[in-house]
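Residue numbers for the sequence shown follow the numbering used here, beginning at 974 and rising by one. Even for Gly, the Cβ is constructed at its ideal location relative to N, Cα and C.
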Amino acid sequence: MKRVFGQIFGVVLLAGLFSHAALAQTADPTAAANAYVNAPHNWQMWFPEAGSPMQEKIDWLMKYVLWIMAGIVAFVGGLMVYVMLRFNARANKTPALFTHNTLVEVIWIVIPTLLLAVIIVPSISLIYYEADDSNPYMTIDAVGHQWYWEYKYESTPGLDYTSYMIPDDKLQPGDIRRLTVDHPIVVPVGKKIKFNISSTDVLHGFYLPSLGVQRYAIPGTVVTSWTIIPKVGTYYGECNQICGVNHDAMPIEIKAVSMDDYLAWVKVAQANYVMNSFAPNLLSSPMPVNQFADLAVVK
Ligand SMILES: [Cu+2]
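Next up, the structure:
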């Protein structure tokens, strides 16, 4: 009897393993990214958790300047209270008549200058760090449309698709209202990703707060930014330029996955939703890369 049970158990176990293997083959390659979700939450009081080295540096600079500012506010506030109590008319029946004090004047010029110097050095180095989009592993064109995003993978010919927000009545369990999209950006973890940001109609904003990316999407020109995402997960952003009536309906969802999952996703994406457009005629028009080039020649 025990042997029969053992055989049945073995068969069930094997069947389970095979069905799991079959499932794994058809599963969404980006599913692992759902384990860690970096999205805004209720009563959030601070920046989102940094998801990239750029946002870590921005976080650091923000706190560094905040502490300097808090020190200045405390010092100046305390000084004002002291002056009001110590040097008011009631406490000084016969006022002093001097108008200058060289030492005090030197101090109130030198100390603020030093403060500006200790702020400007890390600020400028961060600006240079942000601007350095050289040697990316891959480049993605992010094109703003009224009102959705289009993503084009320059390294993967033909991989060019649209990304629409999931409307409230179509949300699935686990989706985030006003942030989850039908086709997110998918990138490999730990690789430098460059974004070429543009627009086909009006000003949009390519804004990924947890990655430290914020750039205008401007019709007729290309603005670049970049990111490295070290941790597998899903990150969210939004268009943050008022771009029309559905401005709130063009969020950005970006999934960072392992290189294997990324390559598997590229195959799935190429097969399933290359140019998955709801508005094919809009997308088939070529992007105006530099519509003002002729003007430059006239000048
Ligand atoms: Cu927009």
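For P1203, the CB contacts under 7 angstroms within the same chain, skipping 5 residues up- and downstream, are V1162, G1163 in chain order.
C-alpha of I1092 to C-alpha of L1099: approximately 11 angstroms in a straight line.
The three-state reading of DSSP puts G1163 in coil, since its state is none of H, G, I, E or B. If you check the C-beta of Q1187 against ligand 1, you find no heavy atom less than 7 angstroms away. Under a 10 Å Cβ-count criterion, T1075 is classified as exposed, with fewer than 16 other Cβ atoms of the shown protein chains found around its own Cβ.
A straight-line Cα-Cα distance of about 13 angstroms links N1213 and H1118. Going by C-alpha positions, E1078 is about 11 angstroms away from P1085.
Apart from sequence neighbours up to five positions away, the residues of its chain that approach I1170 with a beta-carbon distance below 6 angstroms are A1115, F1179, R1188, A1190, V1196, ordered along the chain.
The distance from the Cβ of Q1243 to that of G1131 is about 7 angstroms, consistent with a contact at the 8 angstroms cut-off. Looking from the CA of M1111, the closest CA among T1135, V1083, I1158, N1219 belongs to I1158. Where P1095 is concerned, the enclosing alpha helix (DSSP H) starts and stops at 1075–1104. Counting only runs of 3 or more residues that sit fully inside the region 1150–1226, the beta strand (DSSP E) segments are 1158–1161, 1165–1172, 1177–1181, 1186–1190, 1196–1201, 1206–1211, in chain order. Rounded to whole angstroms, the separation of the alpha carbons of N1065 and G1050 is 22 angstroms.
In the DSSP assignment, the residues bridged to M1111 are I1166.
A straight line joining the alpha-carbon of W1033 with that of K1165 spans about 21 angstroms. Cβ neighbours of V1038 within its own chain (closer than 7 angstroms, five residues either side excluded): I1092. Rounded to whole angstroms, the gap between the alpha carbons of V1160 and G1210 is 15 angstroms. Per DSSP, reduced to three states, the secondary structure at E1123 is strand. The closest CA to that of E1127, considering only L1184, G1185, F1168, R1151, is found on F1168. DSSP places Y1235 in the helix class (H, G or I) of the three-state scheme. Between N1011 and Y1137, the gap from beta carbon to beta carbon reaches 8 angstroms or more.
Under the DSSP assignment, Y1134 falls outside any alpha helix (DSSP H), being part of the beta strand (DSSP E) whose first and last residues are 1133–1136. Counting of Cβ neighbours within 10 angstroms places W1122 among the buried residues, the total reaching 16 or more. A1229 carries a strand assignment under DSSP once its states are collapsed to helix, strand and coil.
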